[in-house]
Structures are given as structure tokens and as C-alpha cells.
Ligand code: NAI
Ligand code: MG
């Protein structure tokens, strides 16, 4: 039985079981305990997954450690060729993978899941092609010395991913870490493991046993055990800043390197000279409304120049409310559902807070309907509050839902000061017809990624990551692979060796 079959809703009584990948085999957890995966758009169970714990982590790490010596010695271009074959396989299966992503995450098939499946395949293609670039340097110490560096893999990598773009974020751990010669234990998010397991199926066909192991289970059980495992030589985490700190503490105990890709509260600054209709489209894209704004790069603080404040919000309302909320698998749907009840309750809590605040004005949206078809799933309405302050909770905390706060500005320095007044620094957006203003702002903003006049997503090759509490390290690029998944060894050779007499 394939993972995908396991994920198909069964007409009859019991759910099919998905299994996890350890040492080349599809297995249940050693305890036999399971968790249920739900379709959040219908609040219906779709599959069970193993509830992996420390014993399963031990088995997976041991398998990865056994596979490491041989894998690390495969010539890099040959490792790259295997990644290219995985890319082909994933491209063939992209539509099926996209439907599975939509089913388990609630992300709309047309606007989100299909793009995610294709980009994930492309990530394997990108890193597969980079395998020949794992080059070192030579150091010019004179004619009598040869001093060179090698890029060596670290060993067993432990990676933990979230549910918001699960397959893409999984591909971004698997492809660069394996390309560089490491072996991997990947912990999928409990809410969206099925697409990741399907990707693992494509990988398993081409990889030696133990090179890739994919675990399912809870963060506090499987995730924590992986972060603390003494054999794991590198930790790579994408998720909340709160858990990122736990991962970093676990890494500190054993002095292992960490990459952390954490939360954001990214500013979007609109100047008065930009074409409003065009910027509205960009702000909607940057806010990731079509992923229910469950994105670390969501431009969720909108700094609008005071001269255009009301007219811009009027246009934003018209265009946002024209987007269709509904069944993620329906081709007509633009916006799907929030991932789970916990996140849904959290998002509704922020909206309720905004409604209570006297000086904030609800521009559109609000609490979700209690009746009708949308009440059957975790559907949240795109919501915008206008307020003069960058200090309240809704403007400071990562909501991870479709709630945007609009704040007016008059002076460019003041806009940039407010944009930077955040403990996050992941992404930013600047909208202006004047490229001088655009670049001045781009250079002054404390964020790892600033887009000027566009609101798109990351592309392979882009060194993507956070400033401040948004994270440490970059993984999306050649430099990211080299910095995050290899360690440098220097070899220094004295060439002036006298021969034995
Ligand atoms: P989370 O950070 O708790 O979960 C992400 C991953 O970490 C999951 O695989 C989870 O099982 C694992 N995990 C959780 N606790 C762990 C622990 N103690 N040790 C090791 N691994 C652990 O995120 P959650 O609870 O799903 O969402 C909460 C908030 O986090 C969201 O509202 C959002 O603000 C933020 N978030 C940010 C993401 C990003 O891409 N920057 C992605 C997901 C959530
Ligand atoms: Mg959590």
C-alpha cells in the first residue's frame, strides 16, 4: 500500500494507516501508537500515522549513522544524479502530490498546493545540479606548501519541519543535506505528514537504505528526542521562534551547528507615488491571503502613506473580498482553510481582540461565520484592521492567519523606524515608483529578504533566512548548502620533504 492510498478517505469504517520510513522500510512506531491526520476543510479524519517517539528516533538515527560512511563517499556528481531522478519522479507525481497537500493542509489546490508540488520537484533538480560545486579552496602559502580546504559533510542531520508548506520545506531539508553527503532524519509535522511521506516514497526508490529516514509524531516526543540525540551532528529547524529556542538550547549542550528558519511579522511599506491598483495585487500576494496567511514571509504589517490610506484600503477590500473561500480541492477556490483547531482558535482570538480595541477600526472581515458551508471547516475570513499604532499585540505578534494591520505614515524615516521596531526580521516589501526611495528603504530595513515592487515567493538559489529572532543561517541556495550542510577541513602539506637517504 502506498502512502497516497493510505491517505484516501475510506468510505467504510476504519482509516488506512500511513507508515514512516526508517532504514529503507515502511514501519509503524515501535509502541504501535498512532495519531490521526484530519482534513481541516471538512474536519474529517483522513489517515492515521505512527506516533513516533524516542525509540523510533533512536532506530532512525542509527540507520542514518550506518548509511553515512558509504553515502559520504559517493562522488558528489553521482549523488546529484540520484537527486535529478527523484526530481523527475516527483514531477510525474506532481498532481497526485498536490491533491494530497491540499487534502491534508487545507491549502487551495489551484493557488497553492499545485505550485508547492512543482517547486518541491524543482528543489531536487536545483540541488542535483549543484553537486559539482562542493568545491574547496587553495591557500597561497608559497611554493613549498600546499594548503587546501575540503567541504566535508557533517554526518547525521536532524531536521524538523512545520505544516504550512510541508513538502516544499521538507524538500529544502532533504535535497541540500543529501547533496552535500550527509544522511538525514526528518521529522514531519503531525498535522501535515502525508505529502512528505509521499515525497519520501519517491526518494526511497533511488537512495540507499538509511540515507533518508522520515519520522512522524509529536514535537514534544519525536521532535525533542531528535533534537537531543547525541549522534545527530547538525540540527535544521523550520517553525515557531518558541520551539527554535528549544532546538538551539539542545544544540548548545552538544555544540552542534543549527539552522533556524523561524517566524516573522514582515512590513509592507506603500509610498504615495505607486499605482494603487497594482500595489493592491502585490500586497494581497505578499500577505499570502491565498495560503490563509500561514506563511513566515507574510507581509502582515501594512504601512500606508497617509495620503492614500483610505482609498488604498477601499481597493484592498474590493479585491480581497472577490477571492473565493471554500473547498481546497475545488478549482474555483482561491483561499482554503486554516490547518487545525488550535491555529483556528488562535487566529479567532486575535480577531476578537481587534474587535474589542476601541481605537482600532475593522476595515473588513471579522470573525468566521458560525453557520453555513464555511462553518464545516477551519475557514477564517481575510481581515484588516486600521490603527495608528505599531505597538498593540496584533501589530507585534505573528498571527499566522489572515489578519492584516494597516498603519499610516507621513515621513519615510518614521515608516522605516516602525518597520524595524519588531523582534522579527524575515521579509519586507516596499512599493514605490521611485527606485531611489525603494532602495533606500530596502537597505535600511532589518530583514533577510526585502522585495521592492513585488510580493512573490522564494526561488531556488535565493539565500533566504532571518535577521533578529527570525532565525539563523540560510539553506535555499548554493551558499546555503555549503554553509549549513558542510564543514570545512583544511589540509596543509609541506612539499619540501627530504627523501630518506
Ligand atoms: P511548532 O514550531 O510548534 O511546530 C513546528 C515543528 O516543530 C513541528 O514538526 C513540531 O512537531 C515540532 N516541534 C514542536 N515542539 C517541539 C519540541 N519541543 N521539540 C522539537 N520539535 C518540536 O509550530 P506550531 O505549534 O505548529 O505553530 C505555532 C506557531 O508557530 C504558529 O502560529 C506560527 O506563529 C509559528 N509557525 C511558524 C512557521 C514558520 O514557517 N516560520 C511554521 C509553523 C508555525
Ligand atoms: Mg507548537
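In my numbering, the protein residues as written are 391 to 891.
The beta-carbon is built from N, C-alpha and C at its ideal position, and this holds for glycine as well.
Fair warning: this is a prediction, and the values are worked out from it, not measured in the lab.
Residue from the options with nearest C-alpha to residue i
i           : options            : result
residue 801 : 696, 543, 743      : 696
residue 727 : 406, 428, 422, 443 : 428
residue 485 : 470, 530, 503, 638 : 503
residue 548 : 527, 516, 581, 616 : 616
residue 444 : 421, 458, 426      : 421
residue 748 : 782, 885, 738, 760 : 782
residue 539 : 528, 642, 730      : 528
residue 580 : 635, 853, 441, 760 : 441
residue 522 : 465, 609, 633      : 465
residue 411 : 500, 689, 439      : 439
residue 426 : 583, 558, 458      : 583
residue 668 : 760, 546, 509, 843 : 843
residue 447 : 732, 731, 546, 661 : 546
residue 835 : 805, 543, 848      : 805
residue 597 : 544, 610, 609, 573 : 573
residue 625 : 887, 840, 881, 862 : 862
residue 490 : 810, 635, 431      : 431
residue 787 : 641, 890, 690      : 690
residue 810 : 766, 765, 860      : 860
residue 708 : 449, 666, 512, 686 : 666
residue 480 : 505, 685, 822      : 505
residue 684 : 730, 841, 661      : 730
residue 881 : 536, 888, 459, 498 : 536
Whether residue i touches residue j by CB criterion (9 Å)
i           : j           : result
residue 621 : residue 652 : no
residue 784 : residue 775 : yes
residue 851 : residue 829 : no
residue 571 : residue 644 : no
residue 846 : residue 675 : yes
residue 832 : residue 600 : no
residue 551 : residue 578 : yes
residue 855 : residue 865 : yes
residue 467 : residue 413 : no
residue 682 : residue 758 : no
residue 634 : residue 419 : no
residue 513 : residue 565 : yes
residue 589 : residue 612 : no
Residue i versus residue j - alpha carbon distance
i           : j           : result
residue 475 : residue 520 : 14 Å
residue 753 : residue 677 : 16 Å
residue 871 : residue 525 : 12 Å
residue 472 : residue 518 : 7 Å
residue 630 : residue 531 : 46 Å
residue 478 : residue 594 : 14 Å
residue 679 : residue 494 : 18 Å
residue 556 : residue 515 : 18 Å
residue 416 : residue 405 : 17 Å
residue 396 : residue 803 : The predicted model places residue 396 with a pLDDT of 48, which falls under 50 and marks its position as unreliable; any figure quoted below should be read in that light. The straight-line gap from Cα to Cα measures roughly 55 Å.
residue 875 : residue 740 : 38 Å
residue 700 : residue 602 : 52 Å
residue 554 : residue 461 : 31 Å
residue 693 : residue 824 : 17 Å
residue 659 : residue 819 : 6 Å
residue 408 : residue 763 : 29 Å
residue 724 : residue 646 : 42 Å
residue 423 : residue 837 : 42 Å
residue 945 : residue 736 : This structure leaves residue 945 out entirely; the chain is present only between 391 and 891.
residue 614 : residue 632 : 13 Å
residue 559 : residue 569 : 16 Å
residue 885 : residue 534 : 5 Å
residue 849 : residue 563 : 15 Å
residue 720 : residue 544 : 44 Å
residue 487 : residue 586 : 9 Å
residue 610 : residue 711 : 39 Å
residue 510 : residue 761 : 37 Å
residue 670 : residue 702 : 7 Å
residue 704 : residue 698 : 10 Å
residue 449 : residue 434 : 32 Å
residue 638 : residue 618 : 10 Å
residue 734 : residue 591 : 31 Å
residue 641 : residue 706 : 44 Å
residue 604 : residue 567 : 14 Å
residue 839 : residue 889 : 56 Å
Looking at C-beta atoms only, is the number of pairs between the stretch 797–811 and the stretch 766–781 that lie closer than 8 Å three or more? Touching, per the Cβ criterion.
Taking one C-beta from the stretch 814–833 and one from the stretch 640–656 each time, how about it: are there three or more such pairs within less than 8 Å? yes
Inter-stretch contact at 8 Å, needing at least 3 Cβ pairs: the stretch 711–729 / the stretch 763–770: yes
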